[in-house]
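4 protein chains.
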Amino acid sequence: MADPTGFMPPLSPGGRASILPPPPWHYSGDLLTIEFRVDPSRVDELLPEPLELAEEDPGAVALIFADWQSCSDTFEELLDPVRSQYKEAFVVVRCRYRGETYSRCVYIWVDKDFALVRGWHQGYPKKLGSIWMTRPVRFGRAGPRLEPGGALGASVAVMDRRIVDARFTITGPSDTNGFVNALPMIHHRLFPSIEHPTRRALDELVTMKSYGWEGSEVWRGDAELTFHESPVEEVTRLAPAEMIAAYYRSVGVSWGEGTVLNRSDPG
Amino acid sequence: MADPTGFMPPLSPGGRASILPPPPWHYSGDLLTIEFRVDPSRVDELLPEPLELAEEDPGAVALIFADWQSCSDTFEELLDPVRSQYKEAFVVVRCRYRGETYSRCVYIWVDKDFALVRGWHQGYPKKLGSIWMTRPVRFGRAGPRLEPGGALGASVAVMDRRIVDARFTITGPSDTNGFVNALPMIHHRLFPSIEHPTRRALDELVTMKSYGWEGSEVWRGDAELTFHESPVEEVTRLAPAEMIAAYYRSVGVSWGEGTVLNRSDPG
Amino acid sequence: MADPTGFMPPLSPGGRASILPPPPWHYSGDLLTIEFRVDPSRVDELLPEPLELAEEDPGAVALIFADWQSCSDTFEELLDPVRSQYKEAFVVVRCRYRGETYSRCVYIWVDKDFALVRGWHQGYPKKLGSIWMTRPVRFGRAGPRLEPGGALGASVAVMDRRIVDARFTITGPSDTNGFVNALPMIHHRLFPSIEHPTRRALDELVTMKSYGWEGSEVWRGDAELTFHESPVEEVTRLAPAEMIAAYYRSVGVSWGEGTVLNRSDPG
Amino acid sequence: MADPTGFMPPLSPGGRASILPPPPWHYSGDLLTIEFRVDPSRVDELLPEPLELAEEDPGAVALIFADWQSCSDTFEELLDPVRSQYKEAFVVVRCRYRGETYSRCVYIWVDKDFALVRGWHQGYPKKLGSIWMTRPVRFGRAGPRLEPGGALGASVAVMDRRIVDARFTITGPSDTNGFVNALPMIHHRLFPSIEHPTRRALDELVTMKSYGWEGSEVWRGDAELTFHESPVEEVTRLAPAEMIAAYYRSVGVSWGEGTVLNRSDPG
Numbered sequence: 007m008a009d010p011t012g013f014m015p016p017l018s019p020g021g022r023a024s025i026l027p028p029p030p031w032h033y034s035g036d037l038l039t040i041e042f043r044v045d046p047s048r049v050d051e052l053l054p055e056p057l058e059l060a061e062e063d064p065g066a067v068a069l070i071f072a073d074w075q076s077c078s079d080t081f082e083e084l085l086d087p088v089r090s091q092y093k094e095a096f097v098v099v100r101c102r103y104r105g106e107t108y109s110r111c112v113y114i115w116v117d118k119d120f121a122l123v124r125g126w127h128q129g130y131p132k133k134l135g136s137i138w139m140t141r142p143v144r145f146g147r148a149g150p151r152l153e154p155g156g157a158l159g160a161s162v163a164v165m166d167r168r169i170v171d172a173r174f175t176i177t178g179p180s181d182t183n184g185f186v187n188a189l190p191m192i193h194h195r196l197f198p199s200i201e202h203p204t205r206r207a208l209d210e211l212v213t214m215k216s217y218g219w220e221g222s223e224v225w226r227g228d229a230e231l232t233f234h235e236s237p238v239e240e241v242t243r244l245a246p247a248e249m250i251a252a253y254y255r256s257v258g259v260s261w262g263e264g265t266v267l268n269r270s271d272p273g
Numbered sequence: 007m008a009d010p011t012g013f014m015p016p017l018s019p020g021g022r023a024s025i026l027p028p029p030p031w032h033y034s035g036d037l038l039t040i041e042f043r044v045d046p047s048r049v050d051e052l053l054p055e056p057l058e059l060a061e062e063d064p065g066a067v068a069l070i071f072a073d074w075q076s077c078s079d080t081f082e083e084l085l086d087p088v089r090s091q092y093k094e095a096f097v098v099v100r101c102r103y104r105g106e107t108y109s110r111c112v113y114i115w116v117d118k119d120f121a122l123v124r125g126w127h128q129g130y131p132k133k134l135g136s137i138w139m140t141r142p143v144r145f146g147r148a149g150p151r152l153e154p155g156g157a158l159g160a161s162v163a164v165m166d167r168r169i170v171d172a173r174f175t176i177t178g179p180s181d182t183n184g185f186v187n188a189l190p191m192i193h194h195r196l197f198p199s200i201e202h203p204t205r206r207a208l209d210e211l212v213t214m215k216s217y218g219w220e221g222s223e224v225w226r227g228d229a230e231l232t233f234h235e236s237p238v239e240e241v242t243r244l245a246p247a248e249m250i251a252a253y254y255r256s257v258g259v260s261w262g263e264g265t266v267l268n269r270s271d272p273g
Numbered sequence: 007m008a009d010p011t012g013f014m015p016p017l018s019p020g021g022r023a024s025i026l027p028p029p030p031w032h033y034s035g036d037l038l039t040i041e042f043r044v045d046p047s048r049v050d051e052l053l054p055e056p057l058e059l060a061e062e063d064p065g066a067v068a069l070i071f072a073d074w075q076s077c078s079d080t081f082e083e084l085l086d087p088v089r090s091q092y093k094e095a096f097v098v099v100r101c102r103y104r105g106e107t108y109s110r111c112v113y114i115w116v117d118k119d120f121a122l123v124r125g126w127h128q129g130y131p132k133k134l135g136s137i138w139m140t141r142p143v144r145f146g147r148a149g150p151r152l153e154p155g156g157a158l159g160a161s162v163a164v165m166d167r168r169i170v171d172a173r174f175t176i177t178g179p180s181d182t183n184g185f186v187n188a189l190p191m192i193h194h195r196l197f198p199s200i201e202h203p204t205r206r207a208l209d210e211l212v213t214m215k216s217y218g219w220e221g222s223e224v225w226r227g228d229a230e231l232t233f234h235e236s237p238v239e240e241v242t243r244l245a246p247a248e249m250i251a252a253y254y255r256s257v258g259v260s261w262g263e264g265t266v267l268n269r270s271d272p273g
Numbered sequence: 007m008a009d010p011t012g013f014m015p016p017l018s019p020g021g022r023a024s025i026l027p028p029p030p031w032h033y034s035g036d037l038l039t040i041e042f043r044v045d046p047s048r049v050d051e052l053l054p055e056p057l058e059l060a061e062e063d064p065g066a067v068a069l070i071f072a073d074w075q076s077c078s079d080t081f082e083e084l085l086d087p088v089r090s091q092y093k094e095a096f097v098v099v100r101c102r103y104r105g106e107t108y109s110r111c112v113y114i115w116v117d118k119d120f121a122l123v124r125g126w127h128q129g130y131p132k133k134l135g136s137i138w139m140t141r142p143v144r145f146g147r148a149g150p151r152l153e154p155g156g157a158l159g160a161s162v163a164v165m166d167r168r169i170v171d172a173r174f175t176i177t178g179p180s181d182t183n184g185f186v187n188a189l190p191m192i193h194h195r196l197f198p199s200i201e202h203p204t205r206r207a208l209d210e211l212v213t214m215k216s217y218g219w220e221g222s223e224v225w226r227g228d229a230e231l232t233f234h235e236s237p238v239e240e241v242t243r244l245a246p247a248e249m250i251a252a253y254y255r256s257v258g259v260s261w262g263e264g265t266v267l268n269r270s271d272p273g
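Protein chains in written order, with the working numbering: chain G, 7 to 273; chain Y, 7 to 273; chain F, 7 to 273; chain W, 7 to 273.
Laid out in structure tokens, this is it:
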């Protein structure tokens, strides 16, 4: 009899039970990117060896809120939107590896399981959270317009505690969407050994780029950002010392696969 | 000492604890309206006396999905979007009262408590549900475009059971958004007696109109609609006998107050 | 044609769509009751006229966490537990009315819509929240035993913000479950006018008693209690000035109807 | 600077941000085990090579509902129960490997992220779902007693669709809790390659046993079980051909580590 199949567990006769369909995955959504600086030591303490601080502006950090629709190459999730829509918030820093500078996600929260596991596949260290972001509107009084003065709020809660509050007010158009989350990503794909919990059964350093990118005009603005304490988070260590700028735009992008830069033998 | 205050319970010293801030309320959002016909007796059985079937096309029904942002006149909810965003789905029929034809909401599900109670204030018979609707996008492959061929899905679940599945495919522009949900609303505001559960402490027939309405272009299309059985719903009795048409648009609107047409004495 | 029926909206041909089945309602669950004192003015500011402070120990307050199963007289919800189980947390004070002393719920959060609306019927000012309470266990290491030293935690979050944190450590058996929530309840059933939002269409002062009460032994202990700020709560005004005691027990009870003490004419 | 730490991602300076604390993990909870038979080919199609059908009663399947409290060796989660309590439902079959018979979980749904990822560590193919199970009570009318005639309901929903409905009625005490989930577990820990999605970066066959087990008396009874269709599940292929028996009990158990039986080289 044929083996059960599926991109990820659970494997099943038809492969439909997998928590996640196989790549490629397509994404369309809205992004709020808030860039700020912390003391570089606060970035450094998040970088495992052999990753090193970026040479230029090493304390730069981006917090990104995203309101996504995503789907597999069957596109069937788009007609069952509970399987397509999700929100996420993530913290990105830059780092150096073998002479190249990369972007790296250090914290990320999402509100659906398929997105959580997709992140684990890509090396994004995803946890579940409750993420909200104001949507610009074209009509009525219950939302900002994409124009100077338009103001958005955004928040993250984990385990019933608010851990991030952010506000963004548009000042004008921009020809950049920031620089912290703009490089190829470098991530670790880590999975502990079942025999020795301090060792790893999977320990890969990977890089990846998306493809098929397209995006809207960008709006630049001023942001306020507050991290709150939680017993299961350490993001307050990244409390902004200085704000850089913030940006809002809509994008579309696809993702297929990554490249392994280094694989450590199972410990 | 001053009495505690608030538009609704809980009353509190500063009035901030109320489940809902006072009107007016402002709404901006996207609407998918699916119109269809059932045997008129299936509408009639939902109309309490003295409401009567509409004279023309009495079996016409609309199912509307809405993805909303809303706020009070302080607009503060817009910067804390967990208090502003909600989704809902509702079923509207038409009926006659004293020679006038009205729209009337017979079933409605929302996903936030403030929206539930706001509905009870207005006479919308709201329950909690999980509502999802595909969002059109401007970029990328993970969403339809607002153009012929663009396809959206929408669903409602209540108590962990899927009760509505809908699909909409755009055929072209439209100069109407339908006729079933287009009239002044007529609703009952009902609250049972605490002494005699079969009697009512509040029994008002009310009508209301929103104000400050503005809306986008309308897209017309074809829809499929399936209701599923649940022990706590009867919406399958409205299974479409014939589809009429479906429409998608964005709107903005405000709501302040209604008018009592008839008040029955507490039973 | 017969009118649509139901204890509450939505009315439907068979009455099954009602957000809540008719009373009587039966409850079985576990209660953690934490009693403490605040300055009596903090209780007084929560009492609308003509309610007055209790004569004895007027600043006494109880915070109660409850993990419930409930059902209607058909008992069918017990076999579909998503319709039966819910958790709640509520704040009770005492007050005087016409020479009698009553218990009164001033704040309450629940996690299901049927429980929310049931509260509104009874005059409990319910909002949705996320409520958690440790369960004592009989086996294994992942829970306290009901014996001295057993420790429970409990929390409430509203709109993605933690607003209550509580801890309880058992010191020994008790022959009382406290005194604040032990009297007949006196509640307001309030519903605003749809024409004049500052007036009320329903304004009843009601009292009620449950029946068929039975309960377990009571465990007494020490509690810690912290309220946290939220833009939509004012419970921090009840921050404990002094702890009294705390109690844990299991109970069963039924509720049928209440008595109207005073009804104000619609404003 | 020291590397960030944590049992699992996200790694952080203090290790507190990990989605899951390190083992050992302790569990206390209630289990409803429903055993039934399907055509053995329906089990076989879920077994990847080299796993084979059990020799005796190869079509036996168990569906288990569990209402858990769990914690790490710090026990701190027990005082913050949102981090401790979760519910799950899982399907277990038996199989043979190298002459030994094992239990194997083929489908499992949980309602918290820490439990999902803990399952992935152990080889349980967890997805998020909404799981409910009636709780026996000692007082009141809103729950069954643990005695003959006591009846429980249980359900699973995934992506807003009910996929499992179960009922259990106690007939009497039992000296067994069933045989399908009673053997050492054999699981695959699978993680896809980021470079070639049809290959695996981690592919381990593991076995494990819990320790520190203790349990209550067992109640035996009759069960009904219905699986419902979903586009993202295939559990209806396991629709019971014949019911065996069902059991209810409370247990406590701990888990520390497993053993790798076979590791395939990264593909």
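We put the CB at the ideal spot given by N, CA and C, even for glycine. Every value quoted in this text rests on a predicted model; they were computed, and no experiment measured them.
Note down, in chain order, each residue of its chain lying with its Cβ closer than 6 Å to the Cβ of residue i, except the 5 sequence neighbours on either side.
i	result
Lys132/W	Ile114, Val116, Leu122 and Gly125
Leu57/F	Cys101 and Tyr103
Val266/G	Glu210 and Val212
Ala95/W	Phe71, Trp115, Ile137 and Val162
Val98/Y	Ala68, Ser109, Cys111, Val186 and Asn187
Leaving aside the five residues before and after residue i along the sequence, list all residues of the same chain whose C-beta is less than 7 Å from its C-beta, in chain order.
i	result
Ala229/F	Ile40, Ala172, Arg173, Phe174, Met249 and Ala252
Ala60/W	Arg100, Cys101, Arg102 and Thr107
Gln14/Y	In the sequence as displayed, the identity of residue 14/Y is Met instead of Gln. Taken in chain order, the residues that qualify are Ser24, Ile25, Leu26 and Val123.
Asp50/F	Leu59
Which residues does DSSP pair with residue i in a beta bridge?
i	result
His32/W	Cys77/W and Ser260/W
Ala157/Y	Thr175/Y
Arg226/F	Gly178/F and Tyr253/F
Tyr217/Y	Ser260/Y
Trp115/Y	Ala95/Y and Lys133/Y
Just to confirm my understanding: we take residue i, look at its own chain, exclude 5 residues before and 5 after, and list those with CB closer than 8 Å. What are they?
i	result
Asp181/F	Val224
Ile200/G	Ala207
Ser18/Y	Pro10, Thr11, Gly12 and Ser24
How would you write the range of the alpha helix (DSSP H) that residue i sits in, first residue to last?
i	result
Arg141/Y	Where Arg141/Y is concerned, there is no enclosing alpha helix (DSSP H), given that its DSSP letter is neither H nor E.
Arg100/G	From DSSP, Arg100/G is part of no alpha helix (DSSP H) but of the beta strand (DSSP E) over Gln91 to Tyr103.
Arg205/W	Here Arg205/W belongs to no alpha helix (DSSP H), and DSSP marks it neither H nor E.
Can you tell me whether DSSP reads residue i as helix, strand or coil?
i	result
Thr39/F	strand
Val44/W	coil
His234/F	coil
Ala68/F	strand
Phe197/W	strand
Ala148/F	coil
Leu53/F	coil
How about the segment 230–242 of chain F and the segment 235–249 of chain Y: do they share at least three Cβ pairs that are nearer than 8 Å? no
Just checking, does the segment 141–152 of chain Y make contact with the segment 195–206 of chain Y on the three C-beta pairs under 8 Å criterion? no
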